[in-house]
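Data block below; observations after.
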Amino acid sequence: MAAPKGYKIATLGSHSALQILKGAKDEGFKTIVIATPDRVALYKRFNFIDQILQIPNFADFPKIEKELIRQKAIMIPHGSFVAYLGLDQHRKMKVPYFGNKKVLDWESNRLKQRQWLEKAHVPVPRRFKNASEIDAPVLVKAYGAAGGHGYFFAKNKKEFRQKIKSFKHKNYLIQEYVIGVSAYIHYFYSPLTKKLEILSIDRRYETNVDSLGRIPSHNQRGLGIEPSFVVVGNSPLVLRESLLANAFEMGERTVVASQKLMPGGLWGPFCLEAIITPTQEFFVIELSCRIVAGTNLFIDGSPYSALYYNKDVSTGRRIAMEIKKAINFKKLDKILD
Amino acid sequence: MAAPKGYKIATLGSHSALQILKGAKDEGFKTIVIATPDRVALYKRFNFIDQILQIPNFADFPKIEKELIRQKAIMIPHGSFVAYLGLDQHRKMKVPYFGNKKVLDWESNRLKQRQWLEKAHVPVPRRFKNASEIDAPVLVKAYGAAGGHGYFFAKNKKEFRQKIKSFKHKNYLIQEYVIGVSAYIHYFYSPLTKKLEILSIDRRYETNVDSLGRIPSHNQRGLGIEPSFVVVGNSPLVLRESLLANAFEMGERTVVASQKLMPGGLWGPFCLEAIITPTQEFFVIELSCRIVAGTNLFIDGSPYSALYYNKDVSTGRRIAMEIKKAINFKKLDKILD
Amino acid sequence: MAAPKGYKIATLGSHSALQILKGAKDEGFKTIVIATPDRVALYKRFNFIDQILQIPNFADFPKIEKELIRQKAIMIPHGSFVAYLGLDQHRKMKVPYFGNKKVLDWESNRLKQRQWLEKAHVPVPRRFKNASEIDAPVLVKAYGAAGGHGYFFAKNKKEFRQKIKSFKHKNYLIQEYVIGVSAYIHYFYSPLTKKLEILSIDRRYETNVDSLGRIPSHNQRGLGIEPSFVVVGNSPLVLRESLLANAFEMGERTVVASQKLMPGGLWGPFCLEAIITPTQEFFVIELSCRIVAGTNLFIDGSPYSALYYNKDVSTGRRIAMEIKKAINFKKLDKILD
Chain A
678 MAAPKGYKIA TLGSHSALQI LKGAKDEGFK TIVIATPDRV ALYKRFNFID QILQIPNFAD
738 FPKIEKELIR QKAIMIPHGS FVAYLGLDQH RKMKVPYFGN KKVLDWESNR LKQRQWLEKA
798 HVPVPRRFKN ASEIDAPVLV KAYGAAGGHG YFFAKNKKEF RQKIKSFKHK NYLIQEYVIG
858 VSAYIHYFYS PLTKKLEILS IDRRYETNVD SLGRIPSHNQ RGLGIEPSFV VVGNSPLVLR
918 ESLLANAFEM GERTVVASQK LMPGGLWGPF CLEAIITPTQ EFFVIELSCR IVAGTNLFID
978 GSPYSALYYN KDVSTGRRIA MEIKKAINFK KLDKILD
Chain B
678 MAAPKGYKIA TLGSHSALQI LKGAKDEGFK TIVIATPDRV ALYKRFNFID QILQIPNFAD
738 FPKIEKELIR QKAIMIPHGS FVAYLGLDQH RKMKVPYFGN KKVLDWESNR LKQRQWLEKA
798 HVPVPRRFKN ASEIDAPVLV KAYGAAGGHG YFFAKNKKEF RQKIKSFKHK NYLIQEYVIG
858 VSAYIHYFYS PLTKKLEILS IDRRYETNVD SLGRIPSHNQ RGLGIEPSFV VVGNSPLVLR
918 ESLLANAFEM GERTVVASQK LMPGGLWGPF CLEAIITPTQ EFFVIELSCR IVAGTNLFID
978 GSPYSALYYN KDVSTGRRIA MEIKKAINFK KLDKILD
Chain C
678 MAAPKGYKIA TLGSHSALQI LKGAKDEGFK TIVIATPDRV ALYKRFNFID QILQIPNFAD
738 FPKIEKELIR QKAIMIPHGS FVAYLGLDQH RKMKVPYFGN KKVLDWESNR LKQRQWLEKA
798 HVPVPRRFKN ASEIDAPVLV KAYGAAGGHG YFFAKNKKEF RQKIKSFKHK NYLIQEYVIG
858 VSAYIHYFYS PLTKKLEILS IDRRYETNVD SLGRIPSHNQ RGLGIEPSFV VVGNSPLVLR
918 ESLLANAFEM GERTVVASQK LMPGGLWGPF CLEAIITPTQ EFFVIELSCR IVAGTNLFID
978 GSPYSALYYN KDVSTGRRIA MEIKKAINFK KLDKILD
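Residue numbers (our numbering), protein chains in the order written: chain A, 678 to 1014; chain B, 678 to 1014; chain C, 678 to 1014.
So, in structure tokens, the structure goes:
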């Protein structure tokens, strides 16, 4: 299939670039990866990447914007954009961008994100505004923490006070540590059809915390292991069908609330990171307003996307499908920022 | 593909309805979901569902039976049938039903189920008829417990005696808690070809028990967490190939024993829920005589069903394939009850 | 598709035989399984197996070699070959064999394997040459241990000394127990294109160790459970995209080092079994020079093989693709031994 009207799909070489560009190629687009020298070898391995634009550092991104615009590239953001470009450069990007940049402020500020979720009536864990209020186990998260760094767990007020002394971050949120299993729900909201899809679900694979269960408690004693939550991978999940109704509605309320809070609201892929308790309630601990790495499990399709499409549709491919549709219906302005 | 001779496939809106109806549609059937008002929105999201029959409560099911019969619907039971309709109403259903209703009594009674498995020489955990016999950690299961509710774990006789006081259920089974990993094996027995297939395997995702391993033992102390086994999802597994021979044989013996115990025996999808010990022995802790929720992982195919079919075959689709075959060979009476 | 020039693909009935033979059939080969009587029933269940050659014991393998050669069979080794045939018989096999037998000595000897990995600058856990040096938790592995038997964990020197008394094996390696999560990376190196692919990634499912996390620490007390690492299955994983560059490079260095250490070096499927620490470093605890059982998860395709091929490619099928290519380009001598 020819590239739809000469548009190309581009992204930064990291996070879910392989999925995004494979999906784009499957939908007939030419593909571009912007890569730093240490990653060029990785992206050269794959035939579906048509072009590698090398830059010395991601901070040099503005220097190639003209070239990207000249090539009719559409940028697909992922979790490394804010991390590598910074919020400001990200916002100022001139290359057509899939998604609404206005969500960035609301997402990046932990308190505003909480406000958004509360407005959407999405349940969130209790927050302790200061240490003296702590009456349950807590998870302490630095503002802007990503990939599982900048977290710590404290059993109670006393342990919080002890651990906060060696915590490097000044701005943080103290949340109740909700005991339950986690599920990361991958949504896609189409501004063209106004429909929300659940495309897949995953669970994170975190080191060292996901290895602790394999050490018997009597062996843990004396090892002095502190849990860390560094995400190094993902494994697939499905949810009980009776929980899906709730999952869809939480997602829809998140979209509706966004439309009230910021012009245009949230569209494209997003993720609610939930804890599910023994009473089968969801508590959302984080909102990600773009493709998340857990979708990489489903490059060859997912049990949920199979409910909508008779082909293997990952989130990356779903993005390309939306862009192709917008091009064909001359509605690119509805999906780009 | 046209709907085979006007038959439609129907099920209750819950559990694995999406999988069942997607599979039916892929095999050319028209599809019907019977849904309560709170679930209508969920099932409206999917194009492969041709018709939603809304009823105020599942207890109102008998009122739409005539309509289902008129439309030549074939009902596919799943785990929510007994839970929502009750054993009695389930048995009295007049709509053509995929499966043998005679298995219901044997399955729903924990002692009869145990007798069935023992007759099949399928290893089951030791049972303690009364508390004084307890000489090992035990799992106590209320009769009719489903979805992980109505269970508790006790380390020894003393802990059993303490915990039984606050247990709400009067009828329960005390079984040895076999230490090992779990595997839920999804079988399909075809009464047309007399062949047994293993279609997929999963592991349950239970809250809060599957989150405990992520809390270091020194942090667990003082939190006073009691494990609960509420199933909220599933994750995929494959077994060592050398264990498959045994898995197939256990499944076959379960079918053969059923044919001795009840006219017609067991057919269609069923599941053996096994614990595998370090000596690689299976202990079966539960038999489910229908499609189980773990099969929802494999809507887009499974590594095991790929060994039989050159298309993506879920258990839901496999059921539709069997019905289609029976229609074409005029053998519907062999598979319906 | 006709069998390519009359060649057939054969393997021993165990481990990943189903995957290998299904993949071979999908690429147009006739297939043969060599099975012991207890496994014949299992392999009869599958249509893609054209021929079952029954032998009383795997030790009788030499007796059917002539027949296999007459039929133009190409043998695909897997993890059960060394276990069942022994290193010596394995080496002396006269049937054309996919892979380089010269890797067997380097792989089977724990010290030589370590030397190989060190030459490849692949990080390995610290080794303690004798007990007095132990200053960290250790994993003790018997030479030739397979499938998770012959391992034990010790928290410190004292516990090592206590446990070694009842350890049945005389030759063993004492390695630091690296605390982190595991990932088994499935590679394929093509001697025809000189390219390395990552086809899939898994995590092992081990009994009883993967059930321990589900028992709260206060319940573990008094049960006296010792962890065992008997592999009974596998579950799927993907890695963070930023870790893939490193994963590819470790794999390539392993191939390059092999070419220096042994004529021809390593080709075909192999696996690096890694622990990933909270600093996102890999430590490789084992190298397997052939198809591993974790690839059985991906008989119907994997998120990684989908990046190279627009069809469902398992490691078993990838092997058949390589053989077909070698036949067509008259380069069978490059891939057989």
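All C-beta atoms, glycine included, are put in the ideal place defined by N, C-alpha and C. What you are looking at is a predicted structure, and each value in this text was computed from that prediction instead of being measured.
> CA-CA distance, R995 of chain C and G700 of chain C?
Replying inline: To locate residue 995 of chain C, count along the third sequence from 1; it is residue 318. To locate residue 700 of chain C, count along the third sequence from 1; it is residue 23. Going by the C-alpha atoms only, they are around 7 angstroms apart.
>> Any heavy atom of the ligand ADP closer than 8 angstroms to the beta-carbon of Y854 of chain A?
In response: This structure simply doesn't include the ligand ADP, nor any ligand for that matter.
> Excluding five sequence neighbours on each side, which residues of the same chain lie with their C-beta closer than 7 angstroms to the C-beta of V801 of chain A?
Replying inline: Numbered from its first residue, the first sequence carries residue 801 of chain A at position 124. The residues are R791, L794, E795, F960, V961.
> Three-state secondary structure (DSSP) at V990 of chain C?
Replying inline: As a working mapping, residue 990 of chain C is identified with position 313 in the third sequence. Of the three classes helix, strand and coil, the one that applies to V990 of chain C here is coil, per DSSP.
>> What are the residues in the region 855 to 871 of chain C lying within 8 angstroms of chain B by C-beta distance?
In response: none
> Quick one, which of C:M752, C:I751, C:V969 has its alpha-carbon nearest V909 of chain C's?
Replying inline: To locate residue 909 of chain C, count along the third sequence from 1; it is residue 232. The shortest Cα separation from V909 of chain C among C:M752, C:I751, C:V969 belongs to C:V969.
>> So if I threshold CB-CB distances at 8 angstroms, which residues from the region 883 to 900 of chain C count as touching chain B?
In response: Correct list: E883, T884, N885, D887, S888, L889, G890, R891, I892, P893, S894, H895, N896, Q897, G899, L900.
>> Is it buried or exposed, F1006 of chain B, if we count other Cβ atoms within 10 angstroms and call 16 or more buried?
In response: Translated into the one-based positions of the second sequence, residue 1006 of chain B becomes position 329. Answer is exposed; the Cβ neighbour count stays below 16.
> Do you know how far the Cα of L914 of chain A is from the Cα of F725 of chain B?
Replying inline: Taking the second sequence and counting its residues from 1, the one referred to as residue 725 of chain B is at position 48. Taking the first sequence and counting its residues from 1, the one referred to as residue 914 of chain A is at position 237. Going by the C-alpha atoms only, they are around 23 angstroms apart.
> Quick one, which residues of the region 957 to 983 of chain C are near chain B if we go by CB-CB under 9 angstroms, in chain order?
Replying inline: A970, G971, N973, L974, F975, I976, D977, G978
>> Could you check whether F865 of chain B and G941 of chain B sit closer than 9 angstroms to each other, using their CB atoms as the reference points?
In response: For the purposes of this step, residue 941 of chain B is taken as residue 264 along the second sequence, with counting starting at 1. For the purposes of this step, residue 865 of chain B is taken as residue 188 along the second sequence, with counting starting at 1. It is not a contact, given that the beta carbons lie outside the stated cut-off.
>> Using CA atoms only, rank isn't needed, just tell me which of A:R803, A:K779, A:M939, A:E742 is closest to I952 of chain A.
In response: Within the first sequence, residue 952 of chain A is the residue found at index 275, counting from 1. With distances taken between Cα atoms, I952 of chain A lies closest to A:R803.
> With 16 as the cutoff for other CB atoms within 10 Å, does G971 of chain C come out buried or exposed?
Replying inline: Position 294 of the third sequence, counted from the start, is the residue given in the question as residue 971 of chain C. So G971 of chain C counts as buried.
> From what residue to what residue does the beta strand (DSSP E) around E874 of chain A run?
Replying inline: Residue mapping note: residue 874 of chain A aligns to position 197 of the first sequence, counting from 1. Element bounds for E874 of chain A: 872 to 885.
> From the DSSP output, which residues share a beta bridge with F830 of chain A?
Replying inline: Stepping through the first sequence from its first residue, residue 830 of chain A is reached at position 153. Bridge partners of F830 of chain A: A:L816.
> Is it right to say H755 of chain A is buried, meaning 16 or more other beta carbons lie within 10 angstroms of its own, or is it exposed?
Replying inline: To locate residue 755 of chain A, count along the first sequence from 1; it is residue 78. Under this definition H755 of chain A is a buried residue.
>> So, under 8 angstroms CB-CB, Y820 of chain C and N777 of chain C are touching, yes? Tell me the CB distance rounded to an integer number of Å.
In response: Within the third sequence, the letter at position 143 stands for residue 820 of chain C. Within the third sequence, the letter at position 100 stands for residue 777 of chain C. No, Y820 of chain C and N777 of chain C are not in contact; Cβ-Cβ is about 22 angstroms, not under 8 angstroms.
> To which residues of the same chain is R768 of chain B closer than 8 angstroms at the C-beta, ignoring the five residues directly before and after it?
Replying inline: Here the question's residue 768 of chain B lines up with position 91 in the second sequence. So the qualifying residues of the chain are K778, L781.
> If you count every other CB in all the chains shown that lies within 10 Å of the CB of I746 of chain C, and 16 or more means buried, which is it?
Replying inline: In the third sequence, the residue the question calls residue 746 of chain C occupies position 69. With fewer than 16 other Cβ atoms within 10 Å, it is exposed.
> Given G683 of chain A, which residues of its chain have a CB within under 7 angstroms of its CB, disregarding the five upstream and five downstream residues?
Replying inline: The residue you call residue 683 of chain A lines up with position 6 of the first sequence. Taken in chain order, the residues that qualify are K749.
>> Closest to N911 of chain B by C-alpha separation, out of A:E903, A:L920, A:F906, would be which residue?
In response: For the purposes of this step, residue 911 of chain B is identified with residue 234 of the second sequence, where counting begins at 1. That would be A:L920, whose Cα lies nearest to the Cα of N911 of chain B.
> Is any beta-carbon of chain B found at less than 9 angstroms from that of P714 of chain C?
Replying inline: In the third sequence, residue 714 of chain C corresponds to position 37, counting from 1. For P714 of chain C, the answer is no, since every Cβ of chain B falls outside 9 angstroms of its Cβ.
> Which first and last residues belong to the alpha helix (DSSP H) in which M752 of chain A is found?
Replying inline: Taking the first residue of the first sequence as 1, we reach residue 752 of chain A at position 75. Unbroken run through M752 of chain A is the beta strand (DSSP E), 750 to 752; no alpha helix (DSSP H).
> Is L920 of chain C close to chain B, meaning its C-beta is less than 9 angstroms from at least one C-beta of that chain?
Replying inline: As a working mapping, residue 920 of chain C is identified with position 243 in the third sequence. Output row for L920 of chain C: interface = no.
> Going along chain A in order, which residues have a C-beta closer than 8 angstroms to the C-beta of K699 of chain B?
Replying inline: As a working note, residue 699 of chain B is residue 22 in the second sequence. Within chain A, the residues near K699 of chain B are A983, L984.
>> So V915 of chain A contacts chain B; which residues on that side make the cut at Cβ distance below 7 angstroms?
In response: If you number the first sequence from 1, residue 915 of chain A lands on position 238. What V915 of chain A touches in chain B: G910, N911, N973, L974.
> Along chain C, which residues have their Cβ under 9 angstroms away from the Cβ of F925 of chain B?
Replying inline: Counted from its first residue, the second sequence places residue 925 of chain B at position 248. Per Cβ cutoff of 9 angstroms: A718, L719, R722.
> Beta-carbon separation of I753 of chain C and F775 of chain C under 9 angstroms?
Replying inline: The count along the third sequence starts at 1 and reaches residue 753 of chain C at position 76. The count along the third sequence starts at 1 and reaches residue 775 of chain C at position 98. Yes.
> Start and end of the alpha helix (DSSP H) containing E926 of chain A?
Replying inline: Counting from one through the first sequence, the residue named residue 926 of chain A turns up at place 249. Here the alpha helix (DSSP H) through E926 of chain A covers 918 to 938.
> In chain A, which residues lie with their C-beta within 7 angstroms of the C-beta of K832 of chain C?
Replying inline: Position 155 of the third sequence, counted from the first residue, corresponds to residue 832 of chain C. Result: N896, G899, L900.
> Pick from A:K806, A:I856, A:C966, A:D703: whose alpha carbon is nearest that of S785 of chain A?
Replying inline: Your numbering for residue 785 of chain A matches position 108 in the first sequence. Measuring from the Cα of S785 of chain A, the nearest candidate turns out to be A:C966.
> So, is P955 of chain B buried or exposed, given that buried needs 16 or more other C-beta atoms within 10 angstroms?
Replying inline: What you label residue 955 of chain B is simply residue 278 of the second sequence in a count that begins at 1. Label assigned to P955 of chain B: buried.
> Out of C:T870, C:V858, C:L869, C:K707, which has the shortest C-alpha to C-alpha gap to Y882 of chain C?
Replying inline: On the third sequence, residue 882 of chain C is found 205 positions in, with the first residue counted as 1. Sorting C:T870, C:V858, C:L869, C:K707 by C-alpha distance to the C-alpha of Y882 of chain C places C:V858 at the top.
> Should A831 of chain C go down as buried or exposed, given a rule of 16 or more other Cβ atoms within 10 Å for buried?
Replying inline: If you number the third sequence from 1, residue 831 of chain C lands on position 154. The residue in question, A831 of chain C, is buried, as its Cβ has 16 or more Cβ neighbours within 10 Å.
>> Three or more C-beta pairs under 8 angstroms: does that hold for the region 892 to 910 of chain A against the region 927 to 943 of chain A?
In response: no
>> Can you list, in chain order, the residues of its chain with a C-beta nearer than 8 angstroms to that of F837 of chain A? Leave out the 5 residues immediately preceding and following it.
In response: Against the first sequence, residue 837 of chain A aligns to sequence position 160. The residues are A808, I811, V815, V817, A831, I851.
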